[in-house]
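Beneath this line is the structure, given in C-alpha cells, with notes to follow.
Residue numbers (our numbering), protein chains in the order written: chain A, -2 to 431; chain B, 9 to 417.
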C-alpha cells in the first residue's frame, strides 16, 4: 500500500512541477537557514572536555571595592583571581586537584640562529595543571611543586611547538628561549586544544581555535615579568602580587556532591574571613562555585547577535511552514473530486489521510535534502567569516540527521492539517457537484 | 465592488484564508523589526570618527632587540617613512585609536578632593572623577589624524614626553561631562599622582570601542610619546596611494632593522580597520536583509500559489459569471479585491504582532523602540506586494472564456 501511495504522491507532485518545486524551495530555505544557525550554536556550546568536565569547577571570589564600576568594556574583573587569593586556594588544598594559571603570548626564538622569532600563546601555571586537566605527555613530564617554589627555569612544550622548533619531540633537556629567558624543556605534551579554551580568561571571548603551545611555571613567569594576556584589573597601587590586582584563573577538580558542598562553604568562609580582615568589601555570599559548563554559560561565550540570528532563522522556518500548510491545504482540497471517487470506491478516511500524509512527507524529504545543501553553503560562508568561532562551524552526523528529521517532521506537521481536512471530504456532496 | 460575494466565498475557505492571514501577519512582524534593526546597524557602521580615514594607514612594528633606545629608533623610522613618495605625514601613535579595539583609559579627577575620595573608595564612581579613553602620539599626531583644535591651542614640541604629561586636550563632549558649563581651558585635572592642564578643545572623535550610550564622544588626547618595543606608525597619504605606501613602509622598516617583526595583521588602512571593527554588524545586516527578502519572497509565493489554485478551482464559476455578463475587468477586480481583503487582514494583525515582537526584542536584546511609522509603511509595502503577486493569476482568471460554463468538467 505504501508503494502505491508513494506512486500516487509522486504522480501528484509531478503534475504541478512549479508549485512542488516552490514548496520544496520554501522548506529548503527555512531548514537550511535554521540548521546553519543551530549548527553554529551547537559547536559553540559543545562540552570542551567531555571526559572531565563533570568534575571541573571554577571558584569565584569577589575582592572588588564596594562601588567598583561595572560598565567596563571587558567584563567583570572579579572573574579572575588576585595572586594572594589564588595562592590561598591552592594552599588550602580543599580539592583533589587544583591549579592557578594565566595566559601569555611570548616571542619564541628558533634554535637555528639568524631566524626571526615568532609569537605564540601559552600558559603560565602551577604544577597541578597537567593532572588537573588530564594532559598526556609524549616525552618527559610536568614540573613539580618544588620547581614552582624554586622558580625553576623549566618549560613544557606542545607537540606542535617542539616539532616546529626542533623537528622532533624527544627534546627533554634541551634549551628554548621564550621571551628574554632560556628554559630547559622538561616534557612535551600531545596536542591538546579544548574548544572553547574554557580555562582561559573568558574576557577574550574569542577563545575558539586557540591552543596552548608552551607551559611555564607561574611563579617563574611572574619573576621574569613575562607579559600576561587577558583581562587584568587593579584598583589600588601595587603589582601583580598585590591583593588588588586580578589576573589569574583557578580551576579545581571535585569528585562528588559532598566535596562540592564543602568547597562552596570553604569559599564563603574564606570571603567572610577576608572581609573581617578588611580586605574584601563585598558580601561573602558573592562567593560562588561554577561547574565547567555553568561557567561557560555565566561568561556568555555565545554573542547575543548569534542568538538573534537563530531566532531569525527559526521564525523564517515557521513562516515557510505556515506557507506550506496553506498551499497543501489548497492543493488537497482541489482534489476533493478525486478523494470522493476513492472514498466511494471503498477507501477509508485513514487511507486518504495516509495518502496525503505521504505526499507531504515527500515534499519534506526533498526540502530537507535541499536544506542540507543550503546549510552546507551557509556554514561554508560562516567559516569564511573572521570570527574566532567561525572555523569550527561544521556539521557532524547528528546535526545532519537532525536536519532531515526536522524537515520531514516539519512538513508532516504542515501536511497533517491538510491531509486530515482532505480525509473529511464528504464523498456524496462532491460527486453530486460534478 | 460588492464585497458580499467575496466574503461568502472566503467563508468556504476559512482555514486556508486564515493561514494566509497568519503568514502575512508573521511576515510583516518580522520584516518590520528586521528593517528597523538594519537601519540601526547601518547607522552604527557609519559612526563618524572625525579622522581623515580615507587618507590613513596604520602599521604595527615589534622590535626584538632588548634595551633599544626607543626614541632614537622611532626618529630614524619616521625619517625614513616620511621619505616614501606620497607620504604627507608619519607619526608614532599609541595603541588605542578609534576602531582599533585597543583601549587605553585613565581615571581623571577634576580636583584634588575628588582624587582623594576616589583613592579612599578605590573606585571612580560617585566621586566626580571619571575613566576616560585616551589617545596619544608623537609631535603632530593631532594633525596627522585629521583632528584640529577648535578652542585653545595644540601641543607644543616641548610638551611631548615619555612620562607624565603636562597638558591635555579634551573633546567637547568630554569637557562638558567633566566641567559642566565651566570654561575648561586652563583647568587642572588630576590623574593618579600627577596633574595636567587642559590647553584646548579638539574636534569631535569617538572612543575606541563604541558603547552607544551617549558617551562615545568623550575622549582625551595627550602628548605622550610611545615608548615600547612595539610601536604603531600612522601614515597619511592620498587615498589611492595607501596600499602602495603600506607596502613601501614594510620594506623600508624591515630594511632599517631586519630583526623586527611586522605582522600582516598589523598592516591596515583605516578603511580596513573600520570594516574589521564593524564586521559583526555588517554580517548581521546581510543576514537580516537576506531573511527579510526571503520572507517576502516566500509570502509572495504563497499568495500567488494559492490564488492560482483558486482560479483553477473556480474556472467553471468564472465562466458562468462571464457568460451572464461580467466583464474581464470585473473578474480581475474580484481576485484583486479578495487578495486585498486577506492581506489587509494580515497586515492589520501583523502591525500588532510587530509591536509585540519589538517589545520582546527590547527586553532581551536592548533594542530601542520601533518607530511607529515603520508599521504603516511596512503594511502598505506588503499589501502592494500581495496585489502584485495575485496579478498574474487574476489576469489568467479574467481570460477564462465564457464558453467554459457550458463545458462539463
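Glycine included, each C-beta is placed from N, C-alpha and C at the ideal position. Note that the structure is predicted; figures quoted are calculated from it, not measured.
Handout entry: Selection from 244(A), 284(A), 279(A), 238(A) that minimises the alpha carbon distance to residue 259(A)
Key = 284(A)
Practice task
Let me know the secondary structure DSSP gives residue 106(A) once reduced to three states.
Solution key: strand
Practice task
In the DSSP assignment, find the alpha helix (DSSP H) that holds residue 292(A) and state where it starts and stops.
Solution key: 289 to 295
Problem - Residue range of the beta strand (DSSP E) that includes residue 66(B) - result: 64 to 70
Problem - Cβ of residue 435(A) within 8 Å of any chain B Cβ - result: Because chain A in this structure spans residues -2 to 431, residue 435(A) falls outside the shown range and cannot be described.
Exercise for the section: Give a yes or no on whether the C-beta atoms belonging to residue 33(B) and residue 361(B) are separated by under 8 Å. Expected result: yes
Practice task
Using a Cβ cut-off of 8 Å, pull out every chain B residue sitting near residue 382(A), in sequence order please.
Solution key: 287, 291
Practice task
Spatial neighbours of residue 417(A) within its chain, please: CB distance less than 8 Å, with the 5 preceding and 5 following residues excluded, ordered by chain position.
Solution key: 350
Practice task
May I have the straight-line CA-CA distance separating residue 399(B) from residue 294(B), to the nearest angstrom?
Solution key: 30 Å
Problem - Same chain only: Cβ atoms within 7 Å of residue 317(A), ignoring 5 sequence neighbours per side - result: 23, 24, 26, 27
Exercise for the section: Mind the definition here: the region 163 to 179 of chain A touches the region 268 to 284 of chain A only if three or more C-beta pairs lie below 8 Å; say whether that holds. Expected result: no
Problem - DSSP beta-bridge partners of residue 137(B) - result: DSSP, once it has assigned bridges, lists no residue as partnering residue 137(B).
Problem - Limits of the alpha helix (DSSP H) - the one that residue 181(A) falls within - result: Run containing residue 181(A): none in the alpha helix (DSSP H); it sits in the beta strand (DSSP E), 178 to 186.
Handout entry: Host alpha helix (DSSP H) of residue 317(B) (start-end)
Key = 287 to 321
Problem - DSSP three-state assignment for residue 328(B), whether helix, strand or coil - result: helix
Handout entry: Neighbour-count burial assignment, residue 333(A), 16 or more Cβ in a 10 Å radius
Key = buried
Problem - Burial state of residue 392(B), where buried means 16 or more other Cβ atoms lie within 10 Å - result: exposed
Problem - Pairwise C-alpha distance: residue 357(A) and residue 414(A) - result: 11 Å
Problem - 6 Å CB neighbourhood of residue 71(B) in its chain, flanking five on each side removed - result: 237, 268
Practice task
Go ahead and label residue 332(B) buried or exposed: buried means 16 or more other beta carbons lie within 10 angstroms of its beta carbon, across all protein chains shown.
Solution key: exposed
Problem - Straight-line gap, residue 417(B) to residue 313(A) (C-alpha atoms, nearest Å) - result: The predicted model places residue 417(B) with a pLDDT of 49, which falls under 50 and marks its position as unreliable; any figure quoted below should be read in that light. Those two C-alpha atoms are separated by around 40 Å.
Practice task
Taking the CB atoms as reference points, tell me whether residue 209(B) and residue 175(B) lie closer together than 8 Å.
Solution key: no
Problem - Segment contact flag, the region 46 to 53 of chain A with the region 73 to 86 of chain A, C-beta cutoff 8 Å, min 3 pairs - result: no
Problem - Where residue 148(A) falls: helix, strand or coil (DSSP) - result: coil
Handout entry: For residue 243(A), the residue or residues it bridges with in DSSP
Key = 230(A)
Practice task
Ignore the nearest five residues each way along the sequence and tell me which others in residue 53(B)'s own chain have a CB closer than 7 Å to its CB.
Solution key: 286, 289, 290
Handout entry: Beta-carbon gap between residue 105(A) and residue 115(A) smaller than 8 Å
Key = yes
Exercise for the section: Give the straight-line distance between the Cα atoms of residue 6(B) and residue 299(B), rounded to the nearest whole angstrom. Expected result: There is simply no residue 6(B) to check, as chain B begins at 9 and stops at 417 in what is shown.
Practice task
Tell whether a beta-carbon distance below 8 Å holds between residue 111(B) and residue 138(B).
Solution key: no
Problem - Per DSSP, the bridge partner or partners of residue 120(B) - result: Beta-bridge pairing links residue 120(B) to no other residue.
Handout entry: Interface partners of residue 311(A) on chain B, CB under 7 Å
Key = Residues of chain B passing the Cβ test: none, with the nearest at roughly 11 Å.
Practice task
Confirm, please, whether the CB-CB distance from residue 361(A) to residue 409(A) is below 8 Å.
Solution key: yes
Exercise for the section: Measure the Cβ-Cβ separation of residue 405(B) and residue 339(B) and say whether it is below 8 Å. Expected result: yes
Practice task
For residue 315(A), go through chain B and note every residue whose CB falls closer than 8 Å to its CB, in chain order.
Solution key: 34
Exercise for the section: Report the residues of the region 44 to 64 of chain B with a CB closer than 7 Å to any CB of chain A, ordered along the chain. Expected result: none
Practice task
Check whether the region 386 to 402 of chain A touches the region 337 to 351 of chain A, taking contact to mean three or more Cβ pairs, one atom from each stretch, closer than 8 Å.
Solution key: no
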